[in-house]
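A.B. asks: Same order as they appear, the protein sequences are chains V and U.
Per the numbering used here: the first sequence ends with 537, consecutive numbering throughout.
Per the numbering used here: the second sequence ends with 130, consecutive numbering throughout.
Quick reminder that beta carbons are idealized off the backbone N, C-alpha and C, glycines included.
Have a look at this one.
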Amino acid sequence: MDLQADILVIGSGVAGALVACGAARKGAKVIIMEAGPEVDRAASVQQYQGAFPKTPESAYAQSAFAPHPETDKPYGFYAQKGPHPFGSTYLRQVGGTTWHWLGSAIRLVPDDFRMRSLFGLAVDWPISYADLEPWYCRAEQELGVAGDNADDLGSPRSAPYPFPPIAQSYLDLAWRDALQASDYKVRPTPQARLSKPSGDRPSCHGSASCIPICPIQAKYDATIHVARARSLGARLLTDTCANFVECGQDGCVEAVKFKRSDGSTGRVVARVVVIAANGVETPRLLLASAAEAFPAGVANRSDQLGRNLMDHPIQLSWALARRQVWPYRGPGATSGIENFRDLQDRAENSALRFEIGNDGWSWPKGAPESTARELAMSGLRGKTLDAALRDQTSRHIRVAALTEQLPLASNRVTLDSTQVEKTGLPRPAIFYQLDPYIERALANARRRHEDLFARVGVEAFWHKDAAQAAGHIMGTARMGDDPATSVVDRNLRAHGHSNLFLVGASVFPTGGTANPTLTIAALALRAADAALSALKA
Amino acid sequence: MRAMIHEVSRRTLLIGGVLAPWMTFRAAVAKTSPLADFLRLSAKLTGRARLSVETATIYMRGLGLDRKVKYSDRLARRIVADWYSGQTVERGRMICVDYTGALMWDAMGFAWPGGVPGEAGSWALAPTKE
């Protein structure tokens with residue numbers, strides 16, 4: 001039997017949850033469709049603690065029905081077709097990937113929206129920073145962002161942060177003091193984790209496991225808005241995967257077919273459909289919905305759907321500081337260096353965002369466990385071992401530079417129809433490569449990291465040879481005014497499909513260097529208004 | 001689980017190079033179970049008296065101590081490495097056995113296992129044990 005709704009939201013991550021919550025608040029009949037299950041937080045914390053390696057996905061059960069990609073198995077989920085395996089992952093479960101996001105809630109800077117006009121690269125966004133600024137403010141309210149109002153991060157603000165800043169770590173302050181006289185300005189990072197209790201959520205207690213899970217939900221995750229939407233009447237369908245979007249000849253979406261984990265199938269007939277999957281799952285569903293009238297897939301008359309896949313390829317470097325800085329405590333990162341995100345040489349050199357980690361060498365080396373093993377295997381015992389372990393781990397530092405990957409049409413998500421998942425969706429195939437702009441950015445970041453380490457004072461340092469994935473999957477359904485070169489319009493309505501909206505980082509024309517979640521949220525809130533207007537129409 | 005430490009010969013011990021402490025230990029536990037032997041050896045090597053029996057069972061398996069092995073300095077180092085890291089190698093793959101109970105946390109003294117809430121804002125200060 002068909003289900004009926006005013007608005008069907010596919011995906012329950014931050015974008016889908018915000019749209020669903022906003023629509024339900026306005027009285028719309030909302031269905032949220034989520035391919036994965038609800039998550040038991042306590043069980044997930046336990047799973048994370050028992051996991052090796054401790055990857056971002058390690059807290060969560062892999063699903064036979066709707067599996068997710070895994071960091072340590074890059075060829076397991078994706079059909080990798082390019083010279084570089086695409087390493088960014090996501091979760092398919094209620095709340096989506098906000099379960100294992102870091103919580104950094106950073107705005108883009110104004111120039112990020114004008115890469116073509118200012119630097120002759122890629123494309124401009126069809127909207128400006130000023131257009132999005134009020135929505136950033138709303139997004140910060142919704143996500144409970146903690147930040148320092150006195151700090152200028154290059155993104156002008158019209159409203160204060162809703163929460164006072166999260167304390168910078170002792171380690172951050174060591175970096176800040178060491179870099180005081182340099183061009184590197186260490187700033188507290190705006191974060192969607194509570195700096196004081198709110199509602200039934202406690203403030204951050206430094207559980208040091210933001211990735212993959214906050215045990216006390218001090219860090220925002222989208223289950224908060226899913227729960228609010230449900231309390232306002234929205235219906236949540238879990239373990240229910242959309243696998244075909246049915247369109248009429250006029251392009252209007254008439255229904256969405258789905259399959260459940262028990263094998264049953266059905267359709268949802270909705271007046272407005274919002275696809276809020278992610279940069280892989282959104283094009284995957286739409287490409288899989290090819291029909292006679294839409295042979296290249298739904299919302300793909302431009303042939304741009306699935307193209308322009310971007311991440312923020314990361315140069316990861318780590319060092320042994322001369323002085324003790326006491327890492328492995330607090331949120332994963334509480335500070336960054338933001339003043340290299342908006343330099344004027346971006347035509348040649350990528351912007352860089354330096355994230356200072358509180359997590360010691362856990363990302364590059366799996367420390368402190370690996371350090372404990374190494375010292376023990378060297379023959380140290382007893383008090384000598386304890387002292388060496390304390391001394392070394394207390395001096396572990398790392399920095400990660402996020403680079404701006406430009407959109408390349410060849411970097412794309414397609415379908416590998418030879419392998420079909422239990423949901424009925426073909427396996428996503430990905431062609432991914434790093435261009436000279438990024439290779440130069442990574443080399444530049446290595447040089448900068450060495451300069452940083454020299455100023456901080458280190459005994460030794462190391463670089464990862466290969467770019468690390470940031471988990472920021474952007475750009476596969478780009479926003480633009482021209483239907484010939486983009487997938488959605490400035491309100492995130494799919495060109496040629498008047499009742500279909502795509503929300504999430506897939507719509508980013510370019511990616512800047514800001515962690516994308518706050519921008520995803522701002523755009524989703526903005527699109528929710530447009531979707532509600534479509535409902536009235 | 002078969003006896004394993006019991007099978008260590010005096011010659012192996014001499015080759016292994018641990019010598020006196022181990023020999024004393026062996027004499028004291030010769031008539032106890034392999035698990036008890038392992039726990040007492042672990043206590044000796046790590047300097048920690050209270051060790052988890054459940055964890056010890058998994059480390060024994062990971063270390064191959066459920067079959068005949070020769071004691072060696074390398075084995076002793078592995079035992080210490082496992083207890084400190086909370087990990088062991090089982091069938092060629094590293095596994096996590098006891099993350100929160102790993103001895104490294106006690107040794108470090110300034111950090112605690114991920115997923116365990118601490119005190120709000122404490123990360124902004126140097127640890128009190130500094």
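Ignore the nearest five residues each way along the sequence and tell me which others in D111/V's own chain have a CB closer than 7 angstroms to its CB.
C.D. replies: Excluding residues within five positions, the ones whose Cβ falls inside 7 angstroms are L118, D342.
A.B. asks: Give the residues of chain U in contact with P215/V, contact being defined as C-beta atoms less than 8 angstroms apart.
C.D. replies: G115, V116, P117
A.B. asks: Pick out the complete alpha helix (DSSP H) segments inside the segment 167-207 of chain V, 4 residues or longer, and give them in chain order.
C.D. replies: 170-178
A.B. asks: For V226/V versus V145/V, is the C-beta distance shorter than 9 angstroms?
C.D. replies: Not in contact: V226/V and V145/V (Cβ atoms no closer than 9 angstroms).
A.B. asks: With a threshold of 9 angstroms between beta-carbons, can L173/V be considered close to chain U, or not?
C.D. replies: yes
A.B. asks: Under DSSP, the alpha helix (DSSP H) around F258/V begins and ends at which residues?
C.D. replies: It is not in any alpha helix (DSSP H) - F258/V instead sits in the beta strand (DSSP E) that spans 253-260.
A.B. asks: Taking only runs of the alpha helix (DSSP H) that begin and end inside the segment 26-102 of chain V, which ones reach a length of at least 4 residues, in chain order?
C.D. replies: Correct list: 41-49.
A.B. asks: Could you tell me the alpha carbon to alpha carbon distance between G118/U and M94/U, rounded to whole angstroms?
C.D. replies: 28 angstroms
A.B. asks: State the start and end residues of the unbroken alpha helix (DSSP H) segment that holds A443/V.
C.D. replies: In the DSSP assignment, A443/V falls within the unbroken alpha helix (DSSP H) covering 436-456.
A.B. asks: Would you kindly report the start and end of the unbroken alpha helix (DSSP H) that includes R77/U?
C.D. replies: For R77/U, the enclosing alpha helix (DSSP H) has its first and last residue at 73-85.
A.B. asks: Look at the alpha carbon of Y432/V and the alpha carbon of Q80/V, and state the distance between them as a whole number of angstroms.
C.D. replies: One alpha carbon belongs to Y432/V, the other to Q80/V, and they sit about 8 angstroms apart.
A.B. asks: Would the beta-carbon of H449/V fall within 9 angstroms of that of H463/V?
C.D. replies: Judged by beta-carbon spacing, H463/V lies within the 9 angstroms limit of H449/V, meaning their Cβ atoms are closer than that value.
A.B. asks: Quick check: what's the CA-CA separation for A66/V versus R260/V?
C.D. replies: 10 angstroms
A.B. asks: Could you spell out the range, first to last residue, of the alpha helix (DSSP H) harbouring D152/V?
C.D. replies: Run containing D152/V: none; DSSP gives neither H nor E here.
A.B. asks: I want to see whether chain V comes within less than 9 angstroms of A111/U, judged by CB atoms only; does it?
C.D. replies: yes
A.B. asks: Drop a sphere of 10 angstroms on the beta-carbon of T418/V, count the other beta-carbons inside from all chains shown, and report buried for 16 or more, exposed for fewer.
C.D. replies: exposed
A.B. asks: Let me know if V53/U comes out buried or exposed under the rule of 16 or more other beta-carbons within 10 Å of its beta-carbon.
C.D. replies: exposed
A.B. asks: How big is the Cα-Cα spacing for A181/V and R187/V?
C.D. replies: 14 angstroms
A.B. asks: To be precise: take each residue of the segment 79-104 of chain V, compare its Cβ to all Cβ atoms of chain U, and keep it if any distance is under 8 angstroms. Which residues remain?
C.D. replies: Identification of residues in the segment 79-104 of chain V having a C-beta nearer than 8 angstroms to some C-beta of chain U yields an empty set.
A.B. asks: With 16 as the cutoff for other CB atoms within 10 Å, does D435/V come out buried or exposed?
C.D. replies: exposed
A.B. asks: Going by DSSP, what residues sit across from S498/V in a beta bridge?
C.D. replies: Answer by DSSP bridge pairing: none, since S498/V is not bridged.
A.B. asks: Which of the three DSSP states, helix, strand or coil, is assigned to P162/V?
C.D. replies: coil
A.B. asks: Go ahead and label V516/V buried or exposed: buried means 16 or more other beta carbons lie within 10 angstroms of its beta carbon, across all protein chains shown.
C.D. replies: Sequence check: residue 516/V is Pro here, not Val. P516/V is buried by the Cβ-count criterion.
A.B. asks: For T510/V, which residues from the same chain have a beta carbon less than 6 angstroms from its beta carbon, with the 5 sequence-adjacent residues on both sides left out?
C.D. replies: M115, A122
A.B. asks: For a contact meaning CB atoms closer than 7 angstroms, what does N339/V contact in chain U?
C.D. replies: Under the 7 angstroms cutoff, chain U gives no residues; its nearest Cβ is about 23 angstroms from N339/V.
A.B. asks: Does the segment 73-91 of chain V come close enough to the segment 163-182 of chain V that 3 or more CB-CB pairs lie under 8 angstroms?
C.D. replies: no
A.B. asks: Please identify the residue among G206/V, G36/V, G512/V, K73/V whose C-alpha is closest to the C-alpha of A64/V.
C.D. replies: The residue among G206/V, G36/V, G512/V, K73/V with its C-alpha nearest the C-alpha of A64/V is G36/V.
A.B. asks: L237/V bridges to which residues according to DSSP?
C.D. replies: M33/V
A.B. asks: In chain V, which residues lie less than 7 angstroms from M94/U when you measure between Cβ atoms?
C.D. replies: F52
A.B. asks: Run the CB neighbour count on D37/U, radius 10 Å, all protein chains shown included, and call it buried at 16 or more, exposed below.
C.D. replies: Burial check for D37/U: the Cβ neighbour count within 10 Å reaches 16 or more, so the residue is buried.
A.B. asks: Check the Cβ-Cβ distances between R78/U and every residue of chain V, and say whether any is below 9 angstroms.
C.D. replies: yes
A.B. asks: Could you tell me which uninterrupted alpha helix (DSSP H) segments, each at least 4 residues in length, are contained entirely in the segment 471-516 of chain V, listed from first to last along the chain?
C.D. replies: none
A.B. asks: Please report how far the alpha carbon of R91/U lies from the alpha carbon of G336/V, in whole angstroms.
C.D. replies: 41 angstroms
A.B. asks: Just list the residues that DSSP pairs Q4/V with in beta bridges.
C.D. replies: V269/V
A.B. asks: Mind listing the chain V neighbours of G64/U? Cutoff is C-beta to C-beta under 7 angstroms, in chain order.
C.D. replies: Chain-ordered listing is empty here: chain V has no CB closer than 7 angstroms to the CB of G64/U, the nearest sitting near 16 angstroms.
A.B. asks: Can you give me the C-alpha to C-alpha distance between R455/V and R228/V, rounded to a whole angstrom?
C.D. replies: Distance between the alpha carbons of R455/V and R228/V is about 48 angstroms.
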